[in-house]
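Structure first, commentary second.
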Amino acid sequence: MKIQFFLVPFLLLCNSLKAAVDTVSFYVGLEKAAAHVFEIKMTVPMETPNAILDLGIPAWTPGYYQVLDFGKQVSDFRATDDKGRALQWQKTTQNSWRVAVDSAATVHVYYKIKADKSFVANPYMDTSRAFIRPTGVFMYLIGKLENPVIVSIAENKFWPHIATGLPRLSENSLLADNFDVLYDSPMLLGTLKELPSFRVGGKEHRFLGYGMKDFDGAALMRDLKSIVQIVTAIFDDIPYEDYTFIGLGEGNGGIEQLNSTAIAFTGEGMDERSSRLRTLSFIAHEYFHHYNVKRIRPLELGPFDYSGVNRTDGLWLSEGLTVYYEGILLSRSGLITSEEFWYKWEQIIANYEMNPGRKKQSLAESSLCTWEDGPFGRRGETISYYEKGPIIGMLLDMTIRSATSNMKSLDDVMCALYKVYYKEKQRGVTSKEVQLLCEEIAGVKLDEIFSYLYNTNDIDYPKYFSKIGVCFERSVGSDGSIKVNLRPIEDNTVVQQKIWKSLSGRTM
């Protein structure tokens, strides 16, 4: 199937590039694919004569809150002026370099990147494909992240396709408005399969992948279209010109970007319902992120500091509430039944309750300590914001719906966060500001729910589920396992019945 490319209007690009005399250019060499090595040439126009050029490569990648120290993969660094004369340089830290420019108008920097770890957060290349995770490949100008960037990729007759969210200057040349956009735009090179695209709100959505098995791709795209329609309806806006799902082949994990997501995906198991639903839930999670974390974000997550950790206590919002919406999106799309929705919630609560770490670490601490503990924590000793975060989302949604007779919900909170903090104030949000907004929409105080962010107290589940006419039952087996059962109370009110049904997405 022919790969469709998004092409930027030529005249518009010419005008913008003429004005952008500070454009940084990269050339990516692919000749050492068998050795898992990218060969990079970076060209930097110098605005100030006799200057020092400070370069860095990120220590981490946004969306994966772990120190990766990409500088360890850099070798054979050297620099020349525009006449090819060698310039002196020194490595100043694990991830930074300083070049003595010596009056050069242009500096050319050459280095190699070892890319032998096939993982969604790392760059990788072998003789079958190349995945460019930009944070692990491209150096940045320290203090000048706003400079526009052009990436030119060497032609490879065996790899005819490039999947990315970046616009193209030509078949193998890509444009990023600045380094933040570049770092948010991975690229997959190879012989890629494309599934039938779809449009929502006039915007094209594509799915391109490496190593995809034979499965009903059209059916998958119909399901994804339904999910995209549900999400965009919540926010009443589509903040991109096109969107690309990038399937990386075998592996684990996925990372969201501004107008794309890179996920481990082959299509295997798509003909089996449970496997299909896990995949759809996974993709829905990553897609929801392009609103919740790429736009709505904790205050500390932007502007990014690529040199080290960006610590925040707000990943309950970014990750926890995104997990909460996984089931909501699948249910509203008609992909799971109401019974499956509530059974999943019984499992989520039971899994959290069986973790002794819930009495040792708060939800806010799990976010702050993720750089050391990992995204899923150390079970028994810590918790994960993926565990407790969605429970907070459920408590908020139930309480808002109950307090407003189901006229308002967490959807209204997410939409307001998007419009107020992303579009109007153009900044991140604090947990206190989230609380105030939730209280404004609910019309009631929510101190107890938000206290669960900072303490390790037992959650009063019966109190909150009773608000929507649901009986919460918890039992402990002889082996210590915990079982949770959620069922409607027989004499619940009409409003409570409506909330019960609409929470699982069946009646809105």
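When the letters of the sequence shown are read in order and numbered with mature numbering (1 follows the signal peptide of the UniProt record, and there is no 0), they come out as residues -19 to -1, 1 to 489. Just so it is clear, CB atoms sit at the ideal spot from N, CA and C, and this is done for glycine as well. Model, not experiment: these values are computed from the prediction.
Does DSSP put residue i in a helix, in a strand, or in coil?
| i | result |
| --- | --- |
| residue 350 | coil |
| residue 402 | helix |
| residue 328 | helix |
| residue 28 | coil |
| residue 375 | helix |
| residue 70 | strand |
| residue 464 | strand |
| residue 499 | Within the shown structure, residues of the chain are numbered from -19 to 489, placing residue 499 beyond reach of any answer. |
| residue 53 | helix |
| residue 469 | strand |
| residue 485 | coil |
| residue 474 | coil |
| residue 392 | helix |
| residue 479 | helix |
| residue 415 | helix |
| residue 445 | helix |
| residue 6 | strand |
| residue 119 | coil |
| residue 344 | helix |
| residue 288 | coil |
| residue 455 | strand |
| residue 439 | coil |
| residue 296 | helix |
| residue 360 | strand |
| residue -17 | Residue confidence for residue -17 is low, a pLDDT of 38 falling below 50, so the modelled location carries little weight and cannot support an answer. |
State the CB to CB distance for the pair residue i and residue j, rounded to an integer number of angstroms; the pair is presumed to be in contact (CB under 8 Å).
| i | j | result |
| --- | --- | --- |
| residue 167 | residue 114 | 5 Å |
| residue 191 | residue 110 | 5 Å |
| residue 463 | residue 331 | 5 Å |
| residue 94 | residue 21 | 6 Å |
| residue 57 | residue 92 | 6 Å |
| residue 451 | residue 427 | With a Cβ gap of about 19 Å, residue 451 and residue 427 do not count as contacting. |
| residue 399 | residue 410 | At roughly 10 Å, the Cβ-Cβ gap does not stay under 8 Å, so residue 399 and residue 410 are not in contact. |
| residue 232 | residue 99 | 6 Å |
Pull up the distance between the alpha-carbon of residue i and that of residue j, whole angstroms please.
| i | j | result |
| --- | --- | --- |
| residue 317 | residue 10 | 46 Å |
| residue 187 | residue 456 | 46 Å |
| residue 369 | residue 124 | 37 Å |
| residue 476 | residue 384 | 11 Å |
| residue 346 | residue 89 | 44 Å |
| residue 490 | residue 430 | The question about residue 490 has no answer here: the residues shown for the chain are numbered -19 through 489. |
| residue 39 | residue 51 | 6 Å |
| residue 513 | residue 134 | As shown, the chain starts at -19 and ends at 489. That puts residue 513 outside it, with no answer to give. |
| residue 395 | residue 215 | 8 Å |
| residue 480 | residue 387 | 6 Å |
| residue 307 | residue 297 | 15 Å |
| residue 371 | residue 339 | 14 Å |
| residue 424 | residue 380 | 10 Å |
| residue 45 | residue 250 | 26 Å |
| residue 69 | residue 14 | 29 Å |
| residue -2 | residue 5 | Any reading at residue -2 needs caution, since the residue's pLDDT is 39, under 50, leaving its predicted position unreliable; the model's value is listed next. So the two alpha carbons sit approximately 13 Å from each other. |
| residue -11 | residue 334 | Because residue -11 sits at a pLDDT of 45, beneath the cut-off of 50, its placement in the model cannot be relied upon, and the following sentence gives the value as read from the coordinates. Roughly 55 Å between the two C-alpha positions. |
| residue 404 | residue 435 | 29 Å |
| residue 320 | residue 312 | 10 Å |
| residue 169 | residue 139 | 13 Å |
| residue 282 | residue 364 | 21 Å |
| residue 73 | residue 351 | 27 Å |
From this set, the options, which residue's C-alpha is nearest residue i's C-alpha?
| i | options | result |
| --- | --- | --- |
| residue 78 | 35, 13, 420 | 35 |
| residue 122 | 394, 434, 345, 163 | 163 |
| residue 97 | 87, 108, 91 | 108 |
| residue 165 | 199, 224, 182, 217 | 224 |
| residue 440 | 373, 338, 448 | 373 |
| residue 207 | 314, 413, 66, 71 | 314 |
| residue 2 | 87, 241, 49, 82 | 87 |
| residue 288 | 240, 33, 42, 12 | 42 |
| residue 112 | 17, 247, 251 | 17 |
| residue 171 | 198, 143, 218, 180 | 143 |
| residue 227 | 245, 204, 256 | 245 |
| residue 19 | 28, 443, 49, 54 | 54 |
| residue 356 | 248, 234, 341 | 234 |
| residue 438 | 196, 341, 410, 413 | 341 |
| residue 29 | 390, 81, 485 | 81 |
| residue 75 | 483, 120, 100 | 120 |
| residue 274 | 237, 292, 353, 291 | 237 |
| residue 47 | 353, 212, 175, 278 | 353 |
| residue 469 | 300, 453, 299 | 453 |
| residue 271 | 257, 302, 256 | 302 |
Within the present structure, is the beta-carbon of residue i separated from the nearest heavy atom of the ligand NAP by less than 8 Å?
| i | result |
| --- | --- |
| residue 475 | This structure simply doesn't include the ligand NAP, nor any ligand for that matter. |
Which runs of the beta strand (DSSP E), 3 residues or longer, sit entirely within the stretch 135 to 188?
142 to 145, 149 to 151, 154 to 157, 168 to 171, 179 to 181
To test your reading of the DSSP string, which unbroken beta strand (DSSP E) runs of 3 or more residues are found completely within the stretch 190 to 263?
223 to 228, 230 to 237, 241 to 246
Which complete alpha helix (DSSP H) runs does the stretch 70 to 114 hold, if anything under 4 residues is left out?
none
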